[in-house]
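Right, one structure below, let's go through it.
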Amino acid sequence: ILNVEQSPQSLHVQEGDSTNFTCSFPSSNFYALHWYRWETAKSPEALFVMTLNGDEKKKGRISATLNTKEGYSYLYIKGSQPEDSATYLCAHGSHTGNQFYFGTGTSLTVIP
Amino acid sequence: SQTIHQWPATLVQPVGSPLSLECTVEGTSNPNLYWYRQAAGRGLQLLFYSVGIGQISSEVPQNLSASRPQDRQFILSSKKLLLSDSGFYLCACSPGQPEAFFGQGTRLTVV
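Residue numbers (the numbering used here), protein chains in the order written: chain A, 64 to 175; chain B, 6 to 116.
Next comes the structure, spelled out in structure tokens:
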């Protein structure tokens, strides 16, 4: 089982603030790193899939970076809005590509 | 594109009763299939994954079992539920590319 860790566990920010979360994973046998946005009782929504060291992806106000050598990824949200409130999950795919291991998530609450 | 059907959406079962959750996939062939669980206050935990019919790998010892009788059908079962089996169960599908798609989930409450 691959150990994927996310920090912080929860975060409260004011509307308009920018924020970022961290996902740490084993740097050996890297395959792919995924970020998902998950609202309670719904399916996780895929945000990014990153496979190369140095990858940077952007989707609107949300962006992510990847460092496979040191085993971390950052997710950034610029100008947080109340609708950004959700749990953000990262997942590390095994070197065989068969398993996805999730971190425990970062719960974001954006206060209007 | 892939569509994942998972049912039921919610389930309340007594301790000691059996369980069967079903997940079917449309729009892809020979996908990798996964069962995840989120227990109260915890993140997503991988329970089982399958790379083909009849091929099941378990990640953690537990009271549950999984089966894949058809290419696009994945079933999560238990003979006797425990209180600790309560949680939110998600089925996921990976079509062979580095990405995964999820069903709507099942909220299981064991009473």
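Note that beta-carbon positions come from the ideal geometry of N, C-alpha and C, so glycine has one too.
What do you reckon, are the CB atoms on residue i and residue j nearer than 9 Å?
i                  : j                  : result
valine 67/A        : phenylalanine 88/A : yes
alanine 149/A      : glutamate 78/A     : no
glutamate 133/A    : serine 90/A        : yes
alanine 91/B       : threonine 111/B    : The question names alanine, but residue 91/B is serine in the sequence shown. Against a cut-off of 9 Å, the Cβ pair of threonine 111/B and serine 91/B comes out as no contact.
lysine 74/A        : threonine 169/A    : The sequence given here places leucine at residue 74/A; lysine does not occur at that position. Closer than 9 Å, so yes.
glutamate 27/B     : isoleucine 9/B     : no
proline 145/A      : isoleucine 125/A   : no
phenylalanine 84/A : alanine 105/B      : no
serine 136/A       : leucine 171/A      : no
threonine 131/A    : leucine 115/A      : yes
arginine 47/B      : glycine 57/B       : no
serine 82/B        : alanine 44/B       : no
valine 20/B        : leucine 87/B       : yes
Relative to the alpha-carbon of residue i, which residue among the options has its alpha-carbon at the smallest distance?
i               : options                                   : result
tyrosine 41/B   : Val115/B, Phe107/B, Asn68/B and Val116/B  : Phe107/B
serine 6/B      : Leu88/B, Pro36/B and Gln75/B              : Pro36/B
lysine 85/B     : Cys98/B, Ser70/B and Leu95/B              : Ser70/B
isoleucine 80/B : Gln43/B, Pro23/B and Leu49/B              : Pro23/B
aspartate 76/B  : Gly110/B, Gln60/B, Thr114/B and Ala105/B  : Gln60/B
alanine 109/A   : Ala97/B, Asn68/B, Leu113/B and Thr111/B   : Ala97/B
aspartate 69/A  : Ala104/A, Lys132/A, Ser91/A and His97/A   : According to the sequence as given, residue 69/A is glutamine; it is not aspartate. It is His97/A.
threonine 33/B  : Gln78/B, Leu95/B, Asp90/B and Leu113/B    : Gln78/B
lysine 105/A    : Leu95/B, Ala45/B, Leu52/B and Leu26/B     : Leu95/B
alanine 154/A   : Ser143/A, Ile125/A and Leu138/A           : Leu138/A
alanine 95/A    : Val76/A, Asp118/A and Pro107/A            : Asp118/A
valine 76/A     : Gly156/A, Asp147/A, Phe165/A and Leu152/A : Asp147/A
Just verifying my parser: in three-state terms, what is the DSSP assignment at residue i?
i                  : result
proline 74/B       : strand
serine 62/B        : strand
leucine 87/B       : coil
threonine 114/A    : coil
arginine 112/B     : strand
glutamate 104/B    : coil
arginine 124/A     : coil
glutamate 72/A     : Before going further, note that residue 72/A is glutamine rather than glutamate in the sequence given. Looking at glutamine 72/A - three-state DSSP - the assignment turns out to be coil, as it is neither helix nor strand.
leucine 69/B       : coil
serine 6/B         : coil
valine 20/B        : coil
valine 30/B        : strand
phenylalanine 67/A : Per the sequence shown, the amino acid found at residue 67/A is valine instead of phenylalanine. Valine 67/A falls in the coil class under three-state DSSP.
asparagine 35/B    : coil
glycine 57/B       : strand
Shorter than 8 Å, the distance from the beta carbon of residue i to the closest heavy atom of the ligand PLP, or not?
i            : result
proline 89/A : Of ligands this structure carries none, so the ligand PLP is not represented either.
| said: Can you pull out the residues from the stretch 88 to 116 of chain B whose beta carbon lies closer than 8 Å to at least one beta carbon of chain A? | reply: Within the stretch 88 to 116 of chain B, the qualifying residues are Phe93, Leu95, Ala97, Ser99, Gly101, Pro103, Glu104, Ala105, Phe106, Phe107, Gly108, Gln109, Gly110 and Arg112.
(Q) Closer than 8 Å between beta carbons: that is the criterion. Which residues of the stretch 141 to 167 of chain A meet it against chain B? (A) Answer in chain order: Leu152, Ala154, Gly156, Gly160, Asn161, Gln162, Phe163, Tyr164, Phe165, Gly166 and Thr167.
Whole runs of the beta strand (DSSP E) within the stretch 77 to 104 of chain A, excluding any shorter than 3 residues: 82 to 87 and 95 to 101, all fully within the stretch 77 to 104 of chain A.
Self-check item: Residues within the stretch 42 to 53 of chain B neighbouring chain A, beta-carbon criterion of under 7 Å
Solution: Taking 7 Å as the Cβ-Cβ cut-off against chain A, the residues of the stretch 42 to 53 of chain B that qualify are Arg47, Gly48, Leu49 and Leu51.
- Pull out every residue of the stretch 105 to 130 of chain A whose Cβ sits closer than 8 Å to any Cβ of chain B, in chain order. Listed in sequence order: Lys105, Ser106, Pro107, Ala109, Val112 and Thr114.
Sequence ranges, beta strand (DSSP E) only - wholly within the stretch 129 to 172 of chain A, length at least 3: Listed in chain order, they are 135 to 140, 149 to 156 and 163 to 165.
Listed from N- to C-terminal order along the chain, which residues in the stretch 70 to 86 of chain A have their beta-carbon within a distance smaller than 7 Å of any beta-carbon of chain B?
Going along the stretch 70 to 86 of chain A in chain order, one finds no residue with a Cβ nearer than 7 Å to chain B.
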